[in-house]
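Residue numbers (the numbering used here), protein chains in the order written: chain A, 130 to 544; chain B, 130 to 544.
The structure under discussion appears below in the form of structure tokens.
Protein chains: 2
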Amino acid sequence: MKEKLVSKEEALELLFSKWNPEIVTEVVPVYEAFGRTLAEDMYALYDIPVVRASSMDGVAFNYAAYEADPDTTGWKLGVDYCRADTGDDFPDEFDSVVKIEDVELLPEGGLRFHLPEGQTIKKNMNVKPSGANYRKGELLAKAGRMLNPQLLSSIASGGYAEVKVVRMPVVGYIPTGSELVGIGEKPDRGQNINSNSILVYGMVLEMGAIPVCYPIVKDDMDSIERAMKTALAQCDAVLLSGGSSKGEEDFSFRVMDKCGELLMHGVKCVPGRPMSIALVDGKPCVNISGPALAAMNCLDWCVSAIVGKMLGVKPHAYPEVDAVLDGLQTVPGGMELLTTLDLYRDEEGRYHAVPIKPELKPGEQPQKGPGGPKSRQAQAFQGKAMYRSALGESSHQAGDVIRVKMICSPEEAEL
Amino acid sequence: MKEKLVSKEEALELLFSKWNPEIVTEVVPVYEAFGRTLAEDMYALYDIPVVRASSMDGVAFNYAAYEADPDTTGWKLGVDYCRADTGDDFPDEFDSVVKIEDVELLPEGGLRFHLPEGQTIKKNMNVKPSGANYRKGELLAKAGRMLNPQLLSSIASGGYAEVKVVRMPVVGYIPTGSELVGIGEKPDRGQNINSNSILVYGMVLEMGAIPVCYPIVKDDMDSIERAMKTALAQCDAVLLSGGSSKGEEDFSFRVMDKCGELLMHGVKCVPGRPMSIALVDGKPCVNISGPALAAMNCLDWCVSAIVGKMLGVKPHAYPEVDAVLDGLQTVPGGMELLTTLDLYRDEEGRYHAVPIKPELKPGEQPQKGPGGPKSRQAQAFQGKAMYRSALGESSHQAGDVIRVKMICSPEEAEL
Numbered sequence: 130m131k132e133k134l135v136s137k138e139e140a141l142e143l144l145f146s147k148w149n150p151e152i153v154t155e156v157v158p159v160y161e162a163f164g165r166t167l168a169e170d171m172y173a174l175y176d177i178p179v180v181r182a183s184s185m186d187g188v189a190f191n192y193a194a195y196e197a198d199p200d201t202t203g204w205k206l207g208v209d210y211c212r213a214d215t216g217d218d219f220p221d222e223f224d225s226v227v228k229i230e231d232v233e234l235l236p237e238g239g240l241r242f243h244l245p246e247g248q249t250i251k252k253n254m255n256v257k258p259s260g261a262n263y264r265k266g267e268l269l270a271k272a273g274r275m276l277n278p279q280l281l282s283s284i285a286s287g288g289y290a291e292v293k294v295v296r297m298p299v300v301g302y303i304p305t306g307s308e309l310v311g312i313g314e315k316p317d318r319g320q321n322i323n324s325n326s327i328l329v330y331g332m333v334l335e336m337g338a339i340p341v342c343y344p345i346v347k348d349d350m351d352s353i354e355r356a357m358k359t360a361l362a363q364c365d366a367v368l369l370s371g372g373s374s375k376g377e378e379d380f381s382f383r384v385m386d387k388c389g390e391l392l393m394h395g396v397k398c399v400p401g402r403p404m405s406i407a408l409v410d411g412k413p414c415v416n417i418s419g420p421a422l423a424a425m426n427c428l429d430w431c432v433s434a435i436v437g438k439m440l441g442v443k444p445h446a447y448p449e450v451d452a453v454l455d456g457l458q459t460v461p462g463g464m465e466l467l468t469t470l471d472l473y474r475d476e477e478g479r480y481h482a483v484p485i486k487p488e489l490k491p492g493e494q495p496q497k498g499p500g501g502p503k504s505r506q507a508q509a510f511q512g513k514a515m516y517r518s519a520l521g522e523s524s525h526q527a528g529d530v531i532r533v534k535m536i537c538s539p540e541e542a543e544l
Numbered sequence: 130m131k132e133k134l135v136s137k138e139e140a141l142e143l144l145f146s147k148w149n150p151e152i153v154t155e156v157v158p159v160y161e162a163f164g165r166t167l168a169e170d171m172y173a174l175y176d177i178p179v180v181r182a183s184s185m186d187g188v189a190f191n192y193a194a195y196e197a198d199p200d201t202t203g204w205k206l207g208v209d210y211c212r213a214d215t216g217d218d219f220p221d222e223f224d225s226v227v228k229i230e231d232v233e234l235l236p237e238g239g240l241r242f243h244l245p246e247g248q249t250i251k252k253n254m255n256v257k258p259s260g261a262n263y264r265k266g267e268l269l270a271k272a273g274r275m276l277n278p279q280l281l282s283s284i285a286s287g288g289y290a291e292v293k294v295v296r297m298p299v300v301g302y303i304p305t306g307s308e309l310v311g312i313g314e315k316p317d318r319g320q321n322i323n324s325n326s327i328l329v330y331g332m333v334l335e336m337g338a339i340p341v342c343y344p345i346v347k348d349d350m351d352s353i354e355r356a357m358k359t360a361l362a363q364c365d366a367v368l369l370s371g372g373s374s375k376g377e378e379d380f381s382f383r384v385m386d387k388c389g390e391l392l393m394h395g396v397k398c399v400p401g402r403p404m405s406i407a408l409v410d411g412k413p414c415v416n417i418s419g420p421a422l423a424a425m426n427c428l429d430w431c432v433s434a435i436v437g438k439m440l441g442v443k444p445h446a447y448p449e450v451d452a453v454l455d456g457l458q459t460v461p462g463g464m465e466l467l468t469t470l471d472l473y474r475d476e477e478g479r480y481h482a483v484p485i486k487p488e489l490k491p492g493e494q495p496q497k498g499p500g501g502p503k504s505r506q507a508q509a510f511q512g513k514a515m516y517r518s519a520l521g522e523s524s525h526q527a528g529d530v531i532r533v534k535m536i537c538s539p540e541e542a543e544l
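The structure is reproduced here in structure tokens:
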């Protein structure tokens, strides 16, 4: 067991030097592929348009015939011209399209073209050639892309109803702690609600993996070991929450140490310093600190990297924006810090980040921690952004511009 | 039927002046509430910690007893002190905690405190008071917030297993066009693949609504009317694709006009100018242009606003970043433009946006349209960003900074 604190990067390097998961793929219908990671480059199966298509609502005609005799008043529908609307193919004898706004249809079936000033009739005008939208063999989407509606629409247009994607990793979560009660239960003195399960559930979903939240396990070596072994058999990675530090009942990392190879214990990153990573049965196990912000921190830097590794892509990231700091953001010495801030956009479109301070009632103790004043959870988790400081970084003053990660939907930061 | 082109804003104002949907709510388990819109302010039901909690792994003791006699070597476990780990409550007779790293446990059961230089034993040290994380009655989350893992964790910690959210609106989509074949079918000459269904499906999901994609309907007034009426009975809003312009078989807006009140036809926004909005049976119907980029445009500005109205929140927005333009971005006169661009981040962390140009083969016609050169679909939909110009805006030169919307996951734009 290594007691020396390591950086986030060192912790992941330790893990990835010993664990290199195989990328597993599966084929799913395009309708079930949103947010999935594409497993192979995809190329169009067909030319679209197959032959050609009018790019306007209009009439199609033969340019050579028009050039030979530009008097179109005696033309006959179906012989000298036909209707060809946007996207329509038309008979081989025609090759050019004039848009309907520029066509006068005469009662006898003939027509007159009235092109706007400066425009002339040209061969092939308003006609999209074969393959103008999709050319057979052309790249539709590169392996590793996360499939969005646009890419899936292209893949469908390229001729596919199914798509090969990376299998979603399954991440198990075991909440440990005799003091925990279930969500919806009333906590008695000394008890706490197992709300980390929903935090893990949601964040693991955001990362593109399948969360499996197991029942609460009491503080007992054997129970934790049994739960971990069950989860390891069912999942690709296992998270144990609580019991991560130096408490008497901190069994989680001891179980990981007993059953596998403990790679590190303690990270230079707060909140959540006393976390650990082990390889057990060839799978990563992470012991996450219990406090909610600590758990969020570990999920964001560590679990997302593990999931990214299994997906074969960069770890899930939140959108980043530069924001003017409306207040002081303290940063601890010798430690990275993750904190949440409020976020809004001013009338000029600039983002502002607001540090979240607890409003203490008279007689309360101000809660201090290594990262500066600790916020009440209730306030911290209403924050719309998170800020992650680097090792050795100085504190930031009001007016400084810092780069924050949006954890709200973008429209929620708008005025 | 109004033929006059209106701006996007005017189009929505016309609709919202006549249509003001009721916000419908429902109660769902917290585990099913991700991405949903919270329907009411929520307040904590309990104080957490219920009484108090140690904020460190350590030993709890009575400060007054220590002050009276600081010799702790004769203390007895369970009488003069007890173990109190992070988050633990402890007996009423104790009030302060020294962290375990600063405690020497003596073999006889007594102990010695070894605090770091400059630190002293203080009353209430390392103890979180009742309600330090959640105070009964404190705000957990405001109505209108989109529920993320953090807010749901707070709501669970506040005592709730269920949450009142806005019902997800149901948006029906009817693809019209005799030339369409289903996804996975091989298109013959003149045919096209119904790939817009998957585009609509995905984008409507992104907006927070439930998409219902109906089967392809042939170009026939009666068939379209029947399909629209069915969809209107089952959905909160209905989208008809294709048949939106001046073609001979452009029946969709005519059906909307016949069955309801056509509010506008034609918007100053390309691609997808010939779209229309109607109120039919008191519900919004939107006729979307068939070309894929045109459909994406209409979904992004119009359908998202309609869904936002039903959710009672601002319309869905993509994350926005300022990006250096690597190339020319032309903007049409008198029209807004939506276009896609590639996006990447350079080594300094600055985003760059790259216009997407089709690479035409020799002999091919360059495809021109109102928004400048038209891209091949296959290339346009690999773009990681979209850019929306304002009315009256000028074109942008290489090196200009423009604000683009990310349509990829943020990590996909990283180096």
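C-beta atoms are modelled at their ideal positions from N, C-alpha and C, and glycine is treated no differently.
Per-residue DSSP class, three states only, for Cys-388 of chain A: DSSP places Cys-388 of chain A in helix when its eight states are reduced to three.
Please report the straight-line C-alpha distance between Glu-246 of chain A and Leu-334 of chain A, rounded to a whole angstrom. Per the coordinates, the alpha-carbon of Glu-246 of chain A lies some 58 Å from the alpha-carbon of Leu-334 of chain A.
Ignoring anything shorter than 4 residues, give me the alpha helix (DSSP H) runs that lie fully in the segment 323-361 of chain B, in order along the chain. Unbroken alpha helix (DSSP H) runs of no fewer than 4 residues, entirely contained in the segment 323-361 of chain B, are found at 325-335, following chain order.
Residues in the same chain with beta-carbon distance under 8 Å from Ala-527 of chain A, minus the five sequence neighbours each way, listed in chain order, please. Take Ala-527 of chain A, set aside five residues on each side of it, and the residues of its chain with a beta-carbon closer than 8 Å to its own are Leu-454, Asp-455, Gly-456 and Leu-457, in chain order.
How would you label Val-156 of chain B, buried or exposed, when you count the other beta carbons within 10 angstroms and need 16 or more for buried? Answer is exposed; the Cβ neighbour count stays below 16.
Cβ neighbours of Ser-259 of chain B in the same chain (closer than 8 Å, five flanking residues each side left out): Excluding positions up to five away in sequence, the list reads Asp-176, Pro-178, Val-179, Val-180 and Arg-181.
Check the Cβ of Asp-218 of chain B against every Cβ in chain A and list those closer than 7 Å, keeping chain order. Arg-318 and Gly-319, listed in chain order.
Near Leu-134 of chain A, what residues of its chain come up, given a Cβ to Cβ distance below 8 Å and the 5 sequence neighbours on each side ignored? Setting aside the 5 residues that flank it on each side, Leu-134 of chain A is surrounded in the same chain by Gly-395, Val-396, Lys-397 and Arg-402, each with a C-beta closer than 8 Å to its C-beta; the list follows chain order.
Contact list for the segment 256-283 of chain A against chain B, Cβ threshold 9 Å: For the segment 256-283 of chain A, which is checked against every Cβ of chain B, the residues closer than 9 Å are Val-256, Lys-257, Pro-258, Gly-260, Ala-261, Asn-262, Tyr-263, Arg-264, Glu-267, Leu-268, Leu-269, Ala-270, Lys-271, Gly-273, Arg-274, Met-275, Leu-276, Asn-277, Pro-278, Gln-279, Leu-280, Leu-281, Ser-282 and Ser-283.
Judging by CA-CA distance, which residue of B:Leu-309, B:Gln-506 and B:Met-275 is the nearest neighbour of Lys-347 of chain B? Residue B:Leu-309 is the option with its Cα nearest to Lys-347 of chain B.
Run through the DSSP bridge pairs and tell me what Ala-407 of chain B is partnered with. According to DSSP, which records beta bridges pairwise, Ala-407 of chain B is partnered with B:Leu-391 and B:Cys-414.
Of the residues that make up the segment 405-422 of chain A, which ones have a beta carbon closer than 7 Å to any beta carbon in chain B? Per Cβ criterion, the list reads Gly-419 and Ala-421.
Which value, in whole angstroms, describes the spacing of the CA atoms of Ser-146 of chain B and Leu-368 of chain A? So the two alpha carbons sit approximately 52 Å from each other.
Let's test the definition: count the other Cβ atoms within 10 Å of the Cβ of Ser-286 of chain A and tell me whether it reaches 16, buried, or not, exposed. The residue is buried, with at least 16 neighbouring Cβ atoms inside 10 Å.
How would you label Asn-149 of chain B, buried or exposed, when you count the other beta carbons within 10 angstroms and need 16 or more for buried? The residue in question, Asn-149 of chain B, is exposed, as its Cβ has fewer than 16 Cβ neighbours within 10 Å.
According to DSSP, what are the bridge partners of Ile-318 of chain B? Position check: residue 318 of chain B holds Arg in this sequence, whereas Ile was assumed. Its beta-bridge partners do not exist; DSSP assigns none.
Element boundaries [beta strand (DSSP E), containing Ser-183 of chain A]: 181-183 is the span of the beta strand (DSSP E), which, as asked, contains Ser-183 of chain A.
Neighbour flag for Gly-147 of chain A against chain B, beta carbons, 7 Å: Correcting the residue identity first, residue 147 of chain A is Lys in this sequence and not Gly. So, not an interface residue.
Please state if the CB of Phe-223 of chain A and the CB of Ala-189 of chain A are separated by a distance shorter than 7 Å. Between Ala-189 of chain A and Phe-223 of chain A, the CB-CB gap stays under 7 Å.
How many angstroms separate the CA atom of Cys-551 of chain B from the CA atom of Ile-406 of chain A? Here chain B comprises residues numbered 130 to 544, so residue 551 of chain B is not present and cannot be evaluated.
Here's a check: name, in chain order, each residue in its chain whose Cβ is nearer than 8 Å to the Cβ of Ser-136 of chain B, leaving out the five neighbours to either side. The answer, listed in chain order, is Val-396, Lys-397, Cys-398, Glu-465 and Leu-520.
If we call anything under 7 Å between Cβ atoms a contact, is Tyr-263 of chain A one with Ala-173 of chain A? The beta carbons of Tyr-263 of chain A and Ala-173 of chain A sit closer together than 7 Å.
Limits of the beta strand (DSSP E) - the one that Gly-437 of chain A falls within: Gly-437 of chain A -> not in any beta strand (DSSP E); alpha helix (DSSP H) instead, spanning 433-440.
Tell me the DSSP secondary structure of Gly-498 of chain B in three-state form. Its pLDDT being 42, under 50, Gly-498 of chain B is placed unreliably by the model, and the measurement read from it follows with that caveat. In this structure, Gly-498 of chain B counts as strand in the three-state DSSP scheme.
Write down every uninterrupted run of the beta strand (DSSP E) in the segment 229-272 of chain B whose length is 3 residues or greater and which is fully enclosed by it, in chain order. Every beta strand (DSSP E) of 3 residues or more that sits fully in the segment 229-272 of chain B is shown, in chain order, as 232-234, 240-242, 256-258 and 268-270.
Does the structure place the segment 337-347 of chain B close enough to the segment 299-306 of chain B that three or more beta carbon pairs sit under 8 Å? Taking 8 Å as the limit for Cβ pairs, the verdict is that the segment 337-347 of chain B does touch the segment 299-306 of chain B.
Take Ala-424 of chain B and list the residues in its own chain whose beta-carbon comes closer than 8 Å to its own, dropping the five residues that flank it on each side. Taken in chain order, the residues that qualify are Asn-325, Leu-328, Val-329, Ser-370, Gly-401, Ile-417 and Ser-418.
Step through the CB atoms of chain A and report whether any lies within less than 7 Å of the CB of Pro-495 of chain B. Bear in mind that a pLDDT of 47 at Pro-495 of chain B, under 50, signals an unreliable position, so the model cannot answer this.
Going by beta carbon distance, what residues of the same chain come within less than 8 Å of Gln-363 of chain A, once the five residues before and after it are set aside? Counting only residues of its own chain and dropping the five nearest sequence neighbours on each side, Gln-363 of chain A has a CB closer than 8 Å to the CB of Val-299, Gly-301 and Val-341.
Identify, in the order they occur along the chain, each residue of the same chain with its Cβ nearer than 7 Å to the Cβ of Asn-191 of chain B, setting aside the five sequence neighbours on each side. Counting only Cβ-Cβ distances below 7 Å, and skipping sequence neighbours, we find Glu-222, Phe-223 and Asp-224.
Return yes when the Cβ of Gly-311 of chain B is within less than 7 Å of the Cβ of Asn-321 of chain B, no when it is not. Result no, Cβ atoms of Asn-321 of chain B and Gly-311 of chain B do not sit closer than 7 Å.
Give me the chain A residues within the contact set of Met-332 of chain B, using Cβ-Cβ distance strictly less than 8 Å, ordered along the chain. Correct list: Pro-278.
Does the distance from the C-beta atom of Leu-353 of chain B to that of Phe-380 of chain B stay below 7 Å? Looking at the sequence itself, residue 353 of chain B is Ile, so the reference to Leu does not match. Going by beta carbons, Ile-353 of chain B and Phe-380 of chain B fall inside the 7 Å limit.
For Glu-449 of chain A, which residues of its own chain have a beta-carbon under 6 Å away from its beta-carbon, when the five flanking residues on both sides are left out? Annotation for Glu-449 of chain A: Arg-532 and Lys-534 place their beta carbon closer than 6 Å to its own, counting only its chain and skipping 5 residues before and after.
Could you give the C-beta distance for Gln-511 of chain B and Ala-270 of chain A, rounded to a whole number, given that I count them as a contact under 8 Å? Yes, Gln-511 of chain B and Ala-270 of chain A are in contact; Cβ-Cβ is about 6 Å, under 8 Å.
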